[in-house]
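Residue numbers (the numbering used here): 960 to 1658.
From the three backbone atoms N, C-alpha and C, an ideal C-beta is built for every residue, glycine too.
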C-alpha cells in the first residue's frame, strides 16, 4: 500500500478524470493555474488535439472568437467548455476559455506568448483572468440563489485583448444588436470586462428582465398554450420534441413546396442561412432590401423579441407584399395569427406591408401542368385584428417565459389546432375502461358522463341509449368475457372461398408527380395479398420501385394475385375500393378487370364489429387492437414499421426521397415495408381462422 493515500483512491482513474488531470498538468507545466470546469461538463471534457480540451467538436479555431460569440448570441447553444491555446503560428497565440453554462456565456481570449511577448508577464495576466473567472462563476451562482439571475437569463461576457470586449447584462432586449454596437475594439483589458460583469452581479438589481427571443412558430404555440411554449423554450431537448421520421417527412414536404413556390415569384434573393444564425440572416436581409432586390425569400426580421422569416417578400412601388407559403389546400384558421405576427414584425422593422397573402396548393391542379399549382389568397383584411393583438400577446408571452412553469388547465387547446406533444405530462392517466373509450361516444357526451360521476363503463347507468356494439362492449367489460353473437356463423358463411386477404399502402405527395394526379391524391404503391385455398395459403406482394408512375404495374400485379378467388377480404374495405376507383380512372384499358375485382371485395371490419367484442379492444375495432386480442402473439411490436402513418412516411421517403438514402438503407426500408404490409394480411388470415373457431366452423 502506498503511504499517504487512502485505499479507495487505488481504483483506476476514469477517462474523464484522466482528461481533466492531463489538462491540469499541462497548464501547470506552463505556469498556469487550472480554470474552473463545471461538474456537469466533466463527463464530456476531452482532449481534442495538442493544447485543446473541450466538451464539443470544434469546427474552427478558437482564435476566431467572433464566430463562437455570434453563434451564442444567435440563439441558445448547448452548454459547453473550450480550453485551448490557439493563434497565428508562433508569433501570436492566445489562451482561450469559452464557457456556456446556465445563464453565463463567457468568451475569454488572452494573449499568451509569442516571438515579441514577455512570456512571464502574459502568463501572469492569464492567471489573473482565470482567478477572476472563478469569482465570476461564484457570483453567477450567488445571483441564481438570490433571484438576481434566472435560469432563462443570458449574461454574455466577451473579454479579449485581441479583438476587444464587452459584457451584456440580461436586462437588455435584443442582445445581438447591442453586442454589435459595443464590439468596437474598445475594452481591450479582459480583466476590466470581467470585473465589470462581477460588479453588476454583486449589485442589487430590482428590474432584471431576461433576454428571451422566440420564433414565429413558438409564438403560435404560445397562443395555443403557454405551458407548451414554456416547455419548448426551456426544455428544447425534451424527448417529446424529438423529430421522428413522420415529422421529418412533413418538414421535407414543406421544404419542397416552399422551393417550388419561389419559382412562381422569380428573380429574388434567398436568405439561405441556417435559422440559428440569426445575426447573419438579419444582415443578409437588410443588405438585400438595401440593394432593392425585387423579391427576398426567407426574409428575416427580429422585433419585439420575435424572430420571423417571411417566405416571400415582394417589392412593390409603394411597399411590400408578403406571402406565407402553406402546403395545405385551403387557408386554415391557424394561418391567420401566423401571417399576423409576421406582418407586425416586418412593419416594426420599418417596412410598409401593403398586403399579406397565404400561398397554398390548388386542388384543381393536375400533373403534368403545374402552372396553377398555387393559389394566392389575400388575407390583409382578415389579419387586421390579429395584428393589433400581437404586441400585447408577445409581451405577455416573453414575460411568462421569464418566470416559472405557468399553471394552465387542460381543455380543447390540448388538441386544437394541433395535438400537443406534452399532453401526457398534463393529462392524468385514465382509469381502465374510461367512459371516453365507449365505442362511438361523442366527446361532449363523455364529458357529461364524467360530470355526472360516471367515470368508467362499470359506473354507467343500466339504461341509456347505446349502439349494439357499445352495449356488447359494456357487457364484455363488466363480465370480463368475450362476447360472440350467434349470427357470426351466418356472416362468415357468406364469404365464398377461395378468399384473398388484401391490404394496400398508398402515397399522397403534396406536389403531384404522376399524370392526372392532384395535390395529395392517394396513389396505391404497395399491396400484400394472402390467398386462402383448400390446400394452403399463398402470399403475393408488390412494392413500387423508384419515382416512376407505379399504377400500371400495380394494377396488373393486383389482378394477377386475385385471379381465381371468389371473395376479396379487406379490413376497412372502403379504402381499398376508393384506391381501385382511382386506378380505374387512370387506367381505362384495364377497367373491366378492376371493376370485377372491386365487386368481389368484402369488409372484415363490420363482421368483427357486429358480432364480437373482447375487453382488450378498448372501444376500438382497428386491426391493431383486434388482432392482438383475438390472435395473441401476432401483433406488430416486433416490426420496425408498426402502423400506417409510419408506413406512409417510409414509402414517401423510399419513392420520392431515395436520393438521400444509401443503397443499403433503401433495401432495409423496402424489407421493413414488405414485412409490415404482409403482417396486415397474414393477420387477417389468422383473424378469419379465429372467427371460424368462435363460430364453431373451424378446427
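| Item | Value |
| --- | --- |
| Segment contact flag, the segment 1179–1189 with the segment 1206–1225, C-beta cutoff 8 angstroms, min 3 pairs | no |
| Residues near residue 1644 in its chain [Cβ-Cβ closer than 7 angstroms; skip 5 each side] | 1460, 1489, 1491, 1496 |
| Distance, residue 994 Cα to residue 1005 Cα | 15 angstroms |
| Nearest-angstrom Cα separation, counted from residue 1596 out to residue 1614 | 25 angstroms |
| Boundaries (first-last residue) of the beta strand (DSSP E) holding residue 1600 | Here residue 1600 belongs to no beta strand (DSSP E), and DSSP marks it neither H nor E. |
| Own chain partners of residue 1307 with C-beta closer than 7 angstroms, once the 5 adjacent residues on each side are dropped | 1262, 1263 |
| Inter-residue Cα distance where the pair is residue 978 and residue 1042 | 12 angstroms |
| In chain order, each beta strand (DSSP E) run of at least 3 residues that lies wholly inside the segment 976–1056 | 1005–1008, 1011–1013, 1039–1047 |
| Beta-carbon proximity of residue 1436 to residue 1419, cut-off 7 angstroms | no |
| Check: residue 1240 C-beta below 6 angstroms from any heavy atom of the ligand PLP | Of ligands this structure carries none, so the ligand PLP is not represented either. |
| Residue range of the alpha helix (DSSP H) that includes residue 1408 | 1402–1410 |
| Rounded straight-line distance, which links the Cα of residue 1620 to that of residue 1353 | 41 angstroms |
| Test item: CB-CB of residue 1659 and residue 1317 under 7 angstroms | Residue 1659 lies beyond the stretch modelled for the chain, which goes from 960 to 1658, so this question has no answer here. |
| Reduced DSSP category for residue 1244 - H, G, I as helix; E, B as strand; rest coil | helix |
| Beta carbon of residue 1269 nearer than 7 angstroms to that of residue 1246 | no |
| Inter-residue Cα distance where the pair is residue 1206 and residue 1328 | 29 angstroms |
| Inter-stretch contact (C-beta, 8 angstroms, three-pair minimum) for the segment 1497–1512 and the segment 1342–1362 | no |
| Which of helix, strand or coil DSSP assigns to residue 1223 | helix |
| Enclosing alpha helix (DSSP H) for residue 1190 [first to last residue] | 1185–1193 |
| Selection from 1023, 1383, 1439, 1518 that minimises the alpha carbon distance to residue 1557 | 1518 |
| Check whether residue 1349 and residue 1184 have beta carbons under 7 angstroms apart | no |
| 8 angstroms contact criterion, which residue 1477 and residue 1322 should meet: CB distance rounded | 6 angstroms |
| Nonlocal neighbours in the same chain, by C-beta distance under 7 angstroms from residue 1236, ignoring five residues either side | 1033 |
| Extent of the continuous alpha helix (DSSP H) run through residue 1159 | 1149–1161 |
| Inter-residue Cα distance where the pair is residue 1163 and residue 1103 | Here the model assigns residue 1163 a pLDDT of 45, short of 50, so the residue's position is not dependable, and the following value carries that caveat. If I take the Cα positions, the gap works out to 13 angstroms. |
| Simplified DSSP assignment, three categories, for residue 1500 | strand |
| In DSSP terms, what residue 1365 is bridged to | Residue 1365 is not bridged to any residue. |
| Beta-carbon proximity list for residue 1662, same chain, < 6 angstroms, skipping 5 on both sides | This structure cannot settle anything about residue 1662, because the visible part of the chain is limited to 960 through 1658. |
| Helix, strand or coil at residue 1521 [DSSP, three-state] | coil |
| C-alpha gap between residue 1577 and residue 1444, whole angstroms | 18 angstroms |
| Bridge partner(s) assigned by DSSP for residue 1299 | Beta-bridge pairing links residue 1299 to no other residue. |
| Cut-off 7 angstroms between Cβ atoms - residues of its own chain near residue 1339, not counting five sequence neighbours on either side | 1314, 1315 |
| Alpha helix (DSSP H) segment containing residue 1115, residue limits | Run containing residue 1115: none in the alpha helix (DSSP H); it sits in the beta strand (DSSP E), 1114–1119. |
| Residue 1595 - containing alpha helix (DSSP H), residue span | Note, residue 1595: premise wrong, no alpha helix (DSSP H); not H, not E. |
| The segment 1629–1641 / the segment 1581–1599 touching (three or more Cβ pairs under 8 angstroms) | yes |
| Residue 1292, buried or exposed, once every other Cβ within 10 Å from all chains shown has been counted against 16 | exposed |
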